[in-house]
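For reference, the structure discussed in these notes is given below.
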Amino acid sequence: MTDIREKRLNPYDPFDNPTENCADRTDYREIEPKTGTPGYELPLIPEKQERKRIRHFFNAAGLGLLAGALGVNIVFIIVTLVLEMIMAGSFDYDALMDANQYLNFDSSILIALNGLMFLFANLIPAVVGSRLTGIRIRSYFRPMNVKKIQFGKYMLIGIFIQAVTGILYEIVQSVMQSGGISDYTSDIDTYVNSRAIIATAIYTCIVAPVTEELLYRGFVLKNLSRVSLRFGIIGSALLFGLAHENIGQFMLAVPAGIFMARIVTKHNSIIPSILVHMALNTTAFFTSWIAESLPVSRTGTIISFIVDVVYYFIAGAGMILWIMEVRRNRLPANTIRQSYRGVRIALTSPFLMAVIIFHTGMAVIAIAMQNI
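This is how it looks when you write it as structure tokens:
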């Protein structure tokens, strides 16, 4: 018979959860130093010091997101006002309004500026936050022994999720409109000129997928997953959805975020989620661009129909692959000890709650302003 004093918890699998990929877990000794000590067993309900350390990492994720969100809004407003004053050459109201009109509807400056601001809003919290919480940036990009066809499968599944949520959003939007309510949409015209199209394509199809995945499926997911991969997957997806601050993108971002976080924890790398994110954004950008560019004619209608057929054919293939993926790879489950260390502690983490309240409030204000 084995002496209990010889038993040690695995610091990377302290909850003995066979549904989790412990290779993607962080060292639990950063939260509870006694983990791994011979004979030590985690209590069912975490004690004060353990709760404090868990809350520290949850707050780190919340603070990083909040700092990025506040920073991008404040800096964007300041820079926009400075540009308007420079262009107007005075504080004359009419001149300032002309400058505002030019920036918003006749120039690609704000589009490029918007992309640049979000680049730093994603990148700085991800890099600084990771260093402060002891996570190496290179650990997010671990090489994988995965066939290229598997990446293609994941991208098709992502497009299926996009298609389904797009249909559901149209239903929600029609219900809202029947009640006299419109969802928030950006005032910046993406297709104002060729420079605007290029600037938008670069940010949407390349910069955003890389930096947002580094932030949400890297820094945020790692810190929210310290006690439970399931909590980290769902929590990071909800935060990702709220960050978009409108109903349509929230409806896509949450299920897509769950799927992308799941494959990140499965492969211990954000490379698959970056590729899926690129596929989603690129598909959305080009289908929207084509729809905006087509002439109102019989030819335009035929081309639009062909594009839709191809899109939904791809989504149909993605649906089949999604069913197969879900049957083989379900979300990790929680052990009873993990259930006491996830949502309950998150609800008492002030910075994590603050970023949720901030994005929810901004979304409500945006919708209210849209309907005034």
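Each residue of the sequence shown is one higher than the one before, starting from 1341 at the first, in this note's numbering. In this text, a Cβ means the ideal position worked out from N, Cα and C, and glycines have one as well.
Three-way DSSP call (helix, strand, coil) for methionine 1702 in this model: helix
Euclidean distance between Cα positions of valine 1560 and leucine 1579: 9 Å
Residues near threonine 1551 in its chain [Cβ-Cβ closer than 8 Å; skip 5 each side]: Phe1458, Leu1459, Asn1462, Leu1463, Ala1466
Buried versus exposed call for alanine 1708 [16 or more other C-beta atoms within 10 Å across all chains shown]: exposed
Residue burial classification, valine 1704 (beta-carbon count within 10 angstroms, cutoff 16): exposed
Cβ neighbour criterion (16 or more within 10 Å) applied to valine 1422: exposed
Where the alpha helix (DSSP H) through threonine 1623 begins and ends: 1611-1633
Delimiting residues of the alpha helix (DSSP H) encompassing phenylalanine 1580: 1569-1583
Distance, leucine 1450 Cα to glutamate 1444 Cα: For the record, residue 1444 in the displayed sequence is asparagine; it is not glutamate. Rounded to whole angstroms, asparagine 1444 to leucine 1450 spans 7 Å at the Cα level.
Residues near phenylalanine 1653 by beta carbon distance below 7 Å, same chain, minus five either side: none
Chain-order list of residues whose beta-carbon lies under 6 Å from that of tyrosine 1368 (same chain, five-residue window excluded): Pro1351, Pro1354, Thr1375
Residue interval of the alpha helix (DSSP H) (run including glycine 1376): Where glycine 1376 is concerned, there is no enclosing alpha helix (DSSP H), given that its DSSP letter is neither H nor E.
Glycine 1597 burial status per 10 Å Cβ neighbour count (16 or more: buried): buried
Asparagine 1711 and isoleucine 1521 closer than 8 Å at C-beta: yes
Beta-ladder partner(s) of asparagine 1350, from DSSP: Asp1353
Reduced DSSP secondary structure (H/G/I, E/B, other) of phenylalanine 1491: helix
Neighbourhood of cysteine 1362 by C-beta, 6 Å cutoff - its chain only, sequence neighbours within 5 removed: Tyr1352, Asp1353
Distance between phenylalanine 1397 and glutamate 1372 (C-alpha atoms, nearest Å): 13 Å
For isoleucine 1418, three-class secondary structure by DSSP: helix
Coil, strand or helix - aspartate 1432 by DSSP: coil
Where glutamine 1441 falls, given that 16 or more other Cβ within 10 Å makes a residue buried: exposed
Limits of the alpha helix (DSSP H) - the one that arginine 1677 falls within: 1676-1679
Stretch-stretch touch, CB-based, cutoff 8 Å, three pairs: the region 1395-1413 with the region 1692-1701: yes
Proximity test, methionine 1427 beta-carbon vs the ligand ZN heavy atom, cut-off 7 Å: In the structure shown, the ligand ZN is absent, as is every other ligand, since no ligand is present at all.
Residues near alanine 1539 by beta carbon distance below 7 Å, same chain, minus five either side: Ser1448, Ile1451, Ala1452, Gly1455
Contact set for threonine 1544: own chain, Cβ-Cβ below 6 Å, skip 5 residues either direction: Asn1621, Phe1625
Residue from Arg1557, Leu1661, Pro1383 with nearest C-alpha to alanine 1716: The first residue shown for the chain is 1341 and the last is 1712, placing residue 1716 beyond what the model contains.
Where isoleucine 1712 sits in the DSSP three-state scheme: coil
Environment of isoleucine 1614 [buried if 16+ CB atoms lie within 10 Å]: buried
Candidates Leu1564, Phe1590, Met1427, Arg1476, of which the one nearest tyrosine 1509 by Cα: Phe1590
CA-to-CA distance, methionine 1516 to leucine 1634, given in whole angstroms: 28 Å
Cutoff 7 Å; reference proline 1595; Cβ partners in own chain excluding five residues on either side: Ile1501, Thr1505
Unbroken alpha helix (DSSP H) run spanning tyrosine 1651, endpoints: 1638-1668
Sequence-distant residues of its chain with Cβ nearer than 6 Å to arginine 1348 (five each side left out): Gly1376, Pro1378
7 Å CB neighbourhood of histidine 1584 in its chain, flanking five on each side removed: Phe1590, Ala1593
Reduced DSSP secondary structure (H/G/I, E/B, other) of valine 1486: coil
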